[in-house]
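Colleague: The numbering of the sequence shown is the numbering used here, which starts it at 234 and goes up by one. The beta carbon of each residue, even a glycine, is placed where N, CA and C say it ideally should be.
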Amino acid sequence: MKDLAGLMKQAQEMQKKMGEAQARLDAVEVTGEAGAGLVKITTTAKGEPRKVSIDPSLIDPSEPEILEDLFLAALADAKRKADEAQANVLRDAASGLGLPPGFDMPFGVKS
234 MKDLAGLMKQ AQEMQKKMGE AQARLDAVEV TGEAGAGLVK ITTTAKGEPR
284 KVSIDPSLID PSEPEILEDL FLAALADAKR KADEAQANVL RDAASGLGLP
334 PGFDMPFGVK S
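Right under this line is the structure:
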């Protein structure tokens, strides 16, 4: 029973740390850029959009495709950065929990 009590305590600690990490993910912001910074999209680490910035020089009604492409590229850059920030926050939350080597948070095993 002693091992079960220790396991339950460890699970509670992990749950607490993961809750704290989720709260931090709401506060962490990343900015994706395209067109040498002429289009910027800021999101949280969870991917929630916060801000869009478009340089006025890009607004040409006769060529909306350019702006559309840059917008999508900035969004993809923001998504990549958000994923990276999320992985870092969750990795930090899992450190010190005594998880087995190769265990990757939130769930799974590294290859």
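In terms of residue numbering, what span does the alpha helix (DSSP H) encompassing residue 322 cover?
Modeller: 297–327 is the extent of the alpha helix (DSSP H) around residue 322.
Colleague: Mind checking residue 292: buried by the 16 CB within 10 Å criterion, or exposed?
Modeller: exposed
Colleague: For residue 284, which residues does DSSP report across the bridge?
Modeller: 275
Colleague: When we look at the beta-carbon of residue 341 and count the other beta-carbons within 10 Å, is it buried (16 or more) or exposed?
Modeller: Bear in mind that a pLDDT of 42 at residue 341, under 50, signals an unreliable position, so the number given afterwards is only what the model happens to contain. Exposed.
Colleague: Quick one: grab the DSSP three-state call for residue 252.
Modeller: helix
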